[in-house]
Amino acid sequence: MHKHAGFIVIGYRFPGAMGQTLTEKILDDHLVEGELETGEEIGIEIDQVLTQDTTGTMVWLQFEALELDEVQTELAAQYCDHQTYQFDFKNTDDHRFLRSAAGTYGAYFSRPGNGICHQVHKENFAAPGKTLLGSDSHTPTPGGLGELAIGAGGLDIAVAMGGGAYYVEVPEVVNVQLEGELPEWATAKDIALEMLRRLSVKGGVGKIFEYTGEGAESLTIPERTTITNLGTELGATSSIFETDEKTKDWLSRIGREDEYVDLSADEDAEYADTVTIDLSDLEPLIAQPSMPDNVVPVREVAGEDVEQVMVGSCTNGSYEDVLPAAKMVEDREVAKHTELIVAPGSKQASEMLAREGWTAEMMAAGVNFSEATCGACIGIGHVPASDSVSLRTFNRNFEGRSGIEDDSVYLCSPEVATAAAIKGEIVDPRDLADELGDLEAPGLEMGDSYTAGMGQDDPDIIAPEEAIDDDLIKGPNIGDVPLKDPLDAHLEGEALLKMEDNITTDHIIPATSDILKFRSNVPKLSEFTLSRVDDTFAERAKQSDGGFLVAGENYGQGSSREHAALCPMYLGIEGVLAQSFARIHKANLFNFGLVPLTIDEDTYAKIEQGDDVEIVDDVEEGVKSGQETFTVRVNDDWEAEAELDASERERRILAAGGKLSLTKQQYGEGDSGAAPADD
0 MHKHAGFIVI GYRFPGAMGQ TLTEKILDDH LVEGELETGE EIGIEIDQVL
50 TQDTTGTMVW LQFEALELDE VQTELAAQYC DHQTYQFDFK NTDDHRFLRS
100 AAGTYGAYFS RPGNGICHQV HKENFAAPGK TLLGSDSHTP TPGGLGELAI
150 GAGGLDIAVA MGGGAYYVEV PEVVNVQLEG ELPEWATAKD IALEMLRRLS
200 VKGGVGKIFE YTGEGAESLT IPERTTITNL GTELGATSSI FETDEKTKDW
250 LSRIGREDEY VDLSADEDAE YADTVTIDLS DLEPLIAQPS MPDNVVPVRE
300 VAGEDVEQVM VGSCTNGSYE DVLPAAKMVE DREVAKHTEL IVAPGSKQAS
350 EMLAREGWTA EMMAAGVNFS EATCGACIGI GHVPASDSVS LRTFNRNFEG
400 RSGIEDDSVY LCSPEVATAA AIKGEIVDPR DLADELGDLE APGLEMGDSY
450 TAGMGQDDPD IIAPEEAIDD DLIKGPNIGD VPLKDPLDAH LEGEALLKME
500 DNITTDHIIP ATSDILKFRS NVPKLSEFTL SRVDDTFAER AKQSDGGFLV
550 AGENYGQGSS REHAALCPMY LGIEGVLAQS FARIHKANLF NFGLVPLTID
600 EDTYAKIEQG DDVEIVDDVE EGVKSGQETF TVRVNDDWEA EAELDASERE
650 RRILAAGGKL SLTKQQYGEG DSGAAPADD
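Each step along the sequence shown adds one to the number in numbering that gives the first Met the number 0, with nothing skipped, and position 348 is 347.
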C-alpha cells in the first residue's frame, strides 16, 4: 500500500471530484482502493489507531497471531480505561499484558487511571486531517478537531496496525447546518440530543455528519467533541467539524499548534442531505430511559426524585464540562437524599480542576470524586440503587447497562445534572433561580492552569521508546484466539434465540465487572453470551449442532466489542437472520465467519424460536460466486428469501471462516512485516 505525507492540500480539487465535502477530501487523501461513490466499498489508509482494555487484549492476541513484528501506522495507543478497578489478578494481568504488548510492538501505553481513551487521545494525539481507527464505538470523538475517526472491531484494528487498509462502504455525507447561538443553559449536549430526537438511534446508519455554519463556529472544541461523541448513538459512521481559529487556539494551548491544518468543505460541495438546527431555539433536553433517542424537554419530566447524579464520562468529562458543575455547587450543597459523583474524562482534567481550587469547592458541597474511568458507564462501579433514578451526562442509557437490570437512567447535560443534584429532583436549570436565588449561567472561562495537565508530556503515558517490556506477558486467564473452519456448503440448525429490535452488544456480551474480567478468556466469556436475553442460551448453544440467531431491526447496535461476534462463533452459531444490522457489528460478524442474512418483516414475524432452519442453497459456492439471495427453509414447511449484502472482500472473509483465517492463508503463517490490504 502506498504511504502519504500525512497532510491535506487545502484548496486542491481532486481529479473528477469537484465540490468535495470535508469528509470526501480526507477519504480521497487516504484512498488506497476503490472509488469514492456512495455505497461502494473503499480501502483507506489509517494514520492512527487506538484500543482500550476491554477490546485491546484480543487486538494484540490477533496481532500476535498474524505474526507481525511491529506497528506500521504513524501512531498506535493502548489505553486502560474500562476495567481500571483491579478486582483480582485477571484485570491486573490484562493491564500488564497490554503494557507488554505496547512495548513489544511499538505503541503508546496509557496507564490505568490516566483517563478515558477518547479524552486522553484528544488531549495528546488527535490531529486535523488524520484518520483514526479505534476498537471502541465512540472513537469518532476527535471529529470535533477535524480528525476523521471511525470505530471498528478489534480484528480490523490489528490489521490496520499491521499496515493493512481499513474497508468501509462510502457513507452518505449529511450537512448539519447549525445556525444562531445557544441561549443560556442550552448546551452542546442538547444539540446532540436534538439530533437523536429528530433522527433516532438508527438515523445515522450509513452516514457521516459534517457540522457547518455560524453555530458550529461558535462552539468550543470540547463542545464539538461532545457532539461527535454522541454521533455514535445515531448509528453514524462518524461525525466531523471543519477547523478554524478555535481549533488552532485549542491546539496551541496544549502545545501542539504545529499540528493544525485548515480544513473545510468546498463552497460548492454537494451533500446527500441537510439538517438545519437553529441553536437559539434549543432548550435543556433530557433522554428518558432506556434509549438515547427517547428525548424530551427537561420541563416535561421535572419533579422526578433523583437519588444519583453523575457528571463526566467521555461525552462530558473534560475540564470545560465539569467546570460549570463546579460553579453551580459553589457555596451550595448537594441535596441530602442525592449523591453527586464527578467522574472526569482524564486525570489531566482532574489536575486542572484541583489546581484552580474547584475540587475543594465541590467536595465542600458534598460531591464525591471518581477515578477517570469508563467504569460506571458500563456498570462497573456506581451502580444505581434499586427502584431509583440516576441522571448521567453519559452517552448511553440502554436498559441494564448501568449494572442493574431494572434501572432508570436519564441522559442530560452537566448543567441539568447538577441542577438535579442541588434540588434532589429533575429540574430545568432555568427554573433553579426561583428556588436558590440568582444563578447565572456558569460559563467556561479558562484559568491559568488550563494547559497544566495536558500535552504530550503526560507522565502516565509511556512512549514506545520508553517501553518497560519487550516480550509479551500472559497471565493464566489470557488464552488464544479461536479460529473458525472455512464455510460449509450446507448450513442448518435450530433457531436458538429470537430477539426484538435494537438488541445491543450489551445484550450479547454484557460488560459488567463479573463478566468483563474474562474478556481474554473466550471459552469462559462465551458462557455469558446473550444471558441478558435468555440465561439458558449459552448452554443450549453448546448442546446444539450449530444454529442461528433471529433478530429484528438494528441488531448489534452499541459497542464495537468484537466479542459479541466472537463468542457466538465459539458456541457454534452459523449465522444471524435479522431485519437490519448495526454497522460495526455486521463487520464483526463477517470478521468471525458468521453469515449475516437480512430478512423481511413477514419472515421475522413467522419464524419462531426452536424452528429448524436450513439454507437450501450451496452456501459456500453462493458466497464465493456473489449470490445475493438465499432460500431459507423452516421446519421443512415453508420457505423465504434472505439477502446477503456483502462485498467481494467480505465474501472471501466468510468463505475462509473469518478475517484472521483469511489473512493467515493469504500471506502465510510466519510471514512478518506489514499486512497487505486484503486484496
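Yeah, the Cβ is synthetic: ideal placement off N, Cα and C, and Gly gets one too.
With 16 or more other Cβ atoms inside 10 Å of its own Cβ, S349 counts as buried. Here DSSP, grouped into helix, strand and coil, assigns N501 to coil.
Along the stretch 145 to 191, the alpha helix (DSSP H) occurs as fully enclosed runs of 4 or more residues at 153 to 160, listed in sequence order. Within its own chain, the residues whose Cβ lies closer than 6 angstroms to the Cβ of V480, once the five positions on either side in sequence are excluded, are L60, Q61 and A64, listed in chain order. Note on T662: 16 or more other CB atoms within 10 angstroms of its CB, so buried under the neighbour-count rule. Annotation: the continuous alpha helix (DSSP H) that includes R651 extends over E647 to A655. The beta carbons of E256 and G145 sit about 14 angstroms from each other, so the pair does not count as a contact at 8 angstroms.
Here F397 carries a strand assignment [DSSP, helix/strand/coil].
Residue pairing by DSSP leaves W249 without any beta bridge partner. Residues of the same chain with a CB within less than 7 angstroms of the CB of K473, apart from the 5 flanking positions on each side, are F96 in chain order. Under the three-state reduction of DSSP, T54 is assigned to helix. By alpha-carbon distance to T53, the top candidate from L30, G33 and S136 is S136. For the stretch 217 to 262, the full-length beta strand (DSSP E) segments reaching 3 residues or more read 237 to 240 along the chain. For the pair T628 and S660, the Cα-to-Cα distance works out to about 25 angstroms. Cβ-Cβ distances below 7 angstroms link V426 to A301, A418 and A419 in the same chain, with the five nearest sequence neighbours on each side left out; the list follows chain order.
Following the DSSP letters along the chain, one finds S349 inside the alpha helix (DSSP H) bounded by residues K346 to R354. E398 and D265 have their C-alpha atoms roughly 42 angstroms apart.
Rounded to whole angstroms, the gap between the alpha carbons of E183 and P428 is 10 angstroms.
From the listed residues R539, F589, E619 and S238, the smallest Cα separation to E649 is found for F589. Runs of beta strand (DSSP E) with 3 or more residues, each lying fully within the stretch 563 to 615, are found at 572 to 577, 594 to 597 and 611 to 614, listed in chain order. Secondary structure note for T273: its beta strand (DSSP E) is the uninterrupted segment D272 to D277. It is roughly 5 angstroms from the alpha-carbon of G150 to the alpha-carbon of G133. Pairwise C-beta distances place the stretch 387 to 398 in contact with the stretch 306 to 323, as three or more of them are shorter than 8 angstroms. The alpha carbon of Y409 has as its nearest neighbour, out of G344, D292 and V158, the alpha carbon of D292.
Its Cα nearest to that of A466, the residue Y107 stands out among L74, D68, Y107 and S579. Contact between the stretch 81 to 89 and the stretch 40 to 49 is not established, with fewer than three Cβ pairs separated by less than 8 angstroms. Secondary-structure assignment with DSSP links E40 through a beta bridge to E168.
For Y554, the CB contacts under 6 angstroms within the same chain, skipping 5 residues up- and downstream, are I502, A577 and F580 in chain order.
By the neighbour-count definition (other C-beta atoms within 10 Å, threshold 16), A645 is a buried residue. When S530, N520 and T20 are compared, the shortest CA-CA separation from D267 is found for T20. Between the stretch 270 to 284 and the stretch 166 to 175 there are three or more inter-stretch CB-CB distances shorter than 8 angstroms, so the stretches are counted as touching. For E338, the closest of K206, M194, G365 and L431 by C-alpha to C-alpha distance is G365.
Fully enclosed beta strand (DSSP E) runs of no fewer than 3 residues occupy 74 to 78 and 107 to 109 of the stretch 57 to 117, in order along the chain.
Between A494 and V615 a beta carbon distance of about 16 angstroms is seen, past the 8 angstroms cut, so the two are scored as non-contacting.
Distance from the Cα of S387 is smallest, within the candidate group G374, I379 and I403, for I403. Burial check for G128: the Cβ neighbour count within 10 Å reaches 16 or more, so the residue is buried.
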